[in-house]
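Chains as they are written, first to last, in the numbering used here: chain D, 1 to 244; chain R, 1001 to 1436.
Here it is in structure tokens:
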């Protein structure tokens, strides 16, 4: 018998991800630049974490390490109880498909595909195969979940910014990931639409999904369960009252 | 297996979406590739048709490769000695040739000179003989004779079954039986050209053979396809010799003399024949023996020609490949974000490469289908326009090998044109989406 993640406080559940002293140094043409200098981060099921920080502080780099786009130079990265610090790319691709959902500032929707086809992109990715009917049902369910099921056949140029971002969120949710990573998802949206999008992301955590939101917007950060500030390559907690 | 199948399906679905999204580019890629694939299809189709036209009947007229052939001029005692040595042997066959006219007595044959029946002008004209002062018609009794129902043909006497060396195709009836006693009414097997004459003209069955003691009445047993264009009939030598003295086969000027066909294993027969002929006074240098290699030689020549033309077609194809490559590289450059995003949602590098390859392969296959279609239509047009002028083109169908060559050319072009863009797509860093 399993216990629903929603009935047990998040902090008491085993963590979804656990970063311990993670470091990352970028080696460009100039001097190597240390972006992350020992980041510790734990995300439990249902957790929502906002990460604030100045531009260039390493927020997106941290998110790309969590999302297995890149690998840390040092430290340890645990996914559940599995050490994935130096996971090979082939296995990382499978984990990105199964465990993570990504939402970006730019929506990255393919203009020649309909909203439904854009969402289906996450299902037709070579990680297992779903029959057409099941695929269609999952895609529609994901679109309904973000409130735009009626726009399934519309192509991105005919959708508003908020609708496009919701299609992107549906794409991130369609595989029912355990962790949702959002990199400034409201950056290209007006305030109202941005609030709507953050609400949609928050709703996902109510079903046990962990959320890591990188943002500049303190109002949106305040809606998260925890707020962390990244500066000098280290994450520090920010009290809610300070955020507000 | 299921995993592989899923990836294959995924690459085909996404590749198809890519093609639909860039119809004009796909069309232009197909245009650049079309001529190359068409060139391959045309060369392969031409080579196959030429092969069929030139090689199909070569064994019927020239003999199977490996057959030993001895040519003897019909002088002195050559013919009787050869017939005596080869009588009753199964590994060697002697062929004598004589001119014969079958039909109404005392009339000029419809194909004087033994030419094809349908040839305009009624044959080759009277038989000629040449000396130092010039060439003259032979007085064969036809001069001044009225035209009538008679067919002139080449009568070939055989000491055994020739089909082991020349695999004549049976058309009707049966072949000669060399086992029993010879018949006084010579039994004939006609070739198809002679059979055509006998089906067109109702000729009385009297046979006039040059040098024969009388005109026998032949029996026709069957018809074979011997690959020849002139009317001919095959008869047992011993049945022919009932009416034609062996001396009249010697020293004459009718036909090519005596030809002996021997299996490669019949070395002993060749030695005996040489010895007997030399003893009978035939000079050693008049005995010519050669091994038939016609099929192999012609096949080699045709293959060389085919490869030369395929090489030229490949050059044209290469230009098309460069076109696809160019478009592919440009397209990958434009789709960097798409590929990075696909990697972000879990698409493996291999599948990304597969998607790009699937697009170029589908483009190549579509082009191949067009080129094959054009080839089929072109061949039909060519047959309609030139078929009547070239009898060897009769019944020619589009060779399946040309279709296969077109598909292979399309696939190869797709792989060559898509490989580098595919590798580039697979190497696009996933963090591109984060930096965008």
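Beta carbons: idealized from backbone N, C-alpha and C, even for Gly.
Check	Outcome
Since residue 1033 of chain R is in the alpha helix (DSSP H), which residue starts that stretch and which ends it?	1023-1055
Since residue 1153 of chain R and residue 1114 of chain R are thought to touch, with beta carbons under 8 Å apart, how far apart are those beta carbons, to the nearest angstrom?	6 Å
Any idea which residues DSSP pairs residue 101 of chain D with across the strands?	D/180
Which residues in chain R have a C-beta closer than 7 Å to the C-beta of residue 113 of chain D? List them in chain order.	1017
Please list, in chain order, the chain R residues whose beta carbon lies closer than 7 Å to that of residue 70 of chain D.	1431
Sorted by chain position, which residues of the same chain lie with C-beta nearer than 7 Å to residue 1228 of chain R's C-beta, five sequence neighbours on each side aside?	1061, 1191, 1193
Assess contact between the segment 1329-1343 of chain R and the segment 1370-1385 of chain R, defined as three or more Cβ pairs (one per stretch) separated by less than 8 Å. Is contact present?	no
Return the CA-CA distance between residue 16 of chain D and residue 80 of chain D, expressed in angstroms with no decimal places.	5 Å
So, for residue 64 of chain D: in the same chain, excluding its five sequence neighbours on each side, which residues have a beta-carbon less than 6 Å away from its beta-carbon?	70
In chain order, which continuous runs of the beta strand (DSSP E) of length 3 or greater are located wholly inside the segment 1272-1357 of chain R?	1288-1291
Can residue 245 of chain D and residue 235 of chain D be called in contact, C-beta distance under 9 Å?	Residue 245 of chain D lies beyond the range of chain D shown here (1 to 244); nothing can be said about it.
Starting from residue 1337 of chain R, find everything on chain D with Cβ-Cβ shorter than 7 Å and list it in chain order.	108
Taking only beta carbons into account, state which residues of the segment 1412-1430 of chain R come closer than 9 Å to chain D, listed in chain order.	1429, 1430
Look at residue 1342 of chain R and residue 1355 of chain R and say whether their C-beta atoms are less than 9 Å apart.	yes
Shorter than 9 Å from the beta carbon of residue 1025 of chain R to some beta carbon of chain D?	no
What number of angstroms, rounded off, separates the C-alpha of residue 1147 of chain R from the C-alpha of residue 1116 of chain R?	17 Å
Quick check on residue 41 of chain D - is its C-beta less than 9 Å from some C-beta in chain R?	no
Taking the alpha carbon of residue 1429 of chain R as the point to measure from, which residue in D/57, D/87, D/189, D/68 has its own alpha carbon closest?	D/68
Which one or two residues does DSSP pair with residue 1229 of chain R in a beta bridge?	Residue 1229 of chain R pairs with nothing; no bridge assigned.
Tell me, please, which residues DSSP counts as bridged to residue 66 of chain D.	Answer by DSSP bridge pairing: none, since residue 66 of chain D is not bridged.
Could you name the residues of chain R that residue 90 of chain D contacts, counting a contact when the two beta carbons are closer than 9 Å?	1348, 1349, 1350
So what does DSSP say about residue 218 of chain D, is it helix, strand or coil?	helix
Quick check on DSSP: helix, strand or coil for residue 1208 of chain R?	strand
Spatial neighbours of residue 1358 of chain R within its chain, please: CB distance less than 7 Å, with the 5 preceding and 5 following residues excluded, ordered by chain position.	1011, 1012, 1015
Quick check on the DSSP output: the beta strand (DSSP E) that includes residue 203 of chain D runs from which residue to which?	Unbroken run through residue 203 of chain D is the alpha helix (DSSP H), 191-205; no beta strand (DSSP E).
Rounding to the nearest angstrom, what Cα-Cα distance links residue 1439 of chain R and residue 1423 of chain R in this structure?	No answer is possible for residue 1439 of chain R: the residues shown for chain R start at 1001 and end at 1436.
Would you say residue 1361 of chain R faces chain D, with C-beta separation under 9 Å as the test?	no
Please decide whether residue 1341 of chain R counts as near chain D, where near means a Cβ-Cβ distance under 9 Å.	yes
Taking all protein chains shown into account, do 16 or more other C-beta atoms lie within 10 angstroms of the C-beta of residue 185 of chain D, making it buried, or fewer, making it exposed?	buried
Please state the DSSP three-state secondary structure of residue 117 of chain D.	helix
Going by DSSP in three states, residue 1108 of chain R sits in which element: helix, strand or coil?	strand
Under the DSSP definition of a beta bridge, which residues are partnered with residue 1097 of chain R?	R/1156
Would residue 1188 of chain R and residue 1158 of chain R qualify as a contact pair, given that the criterion is a beta-carbon distance under 9 Å?	no
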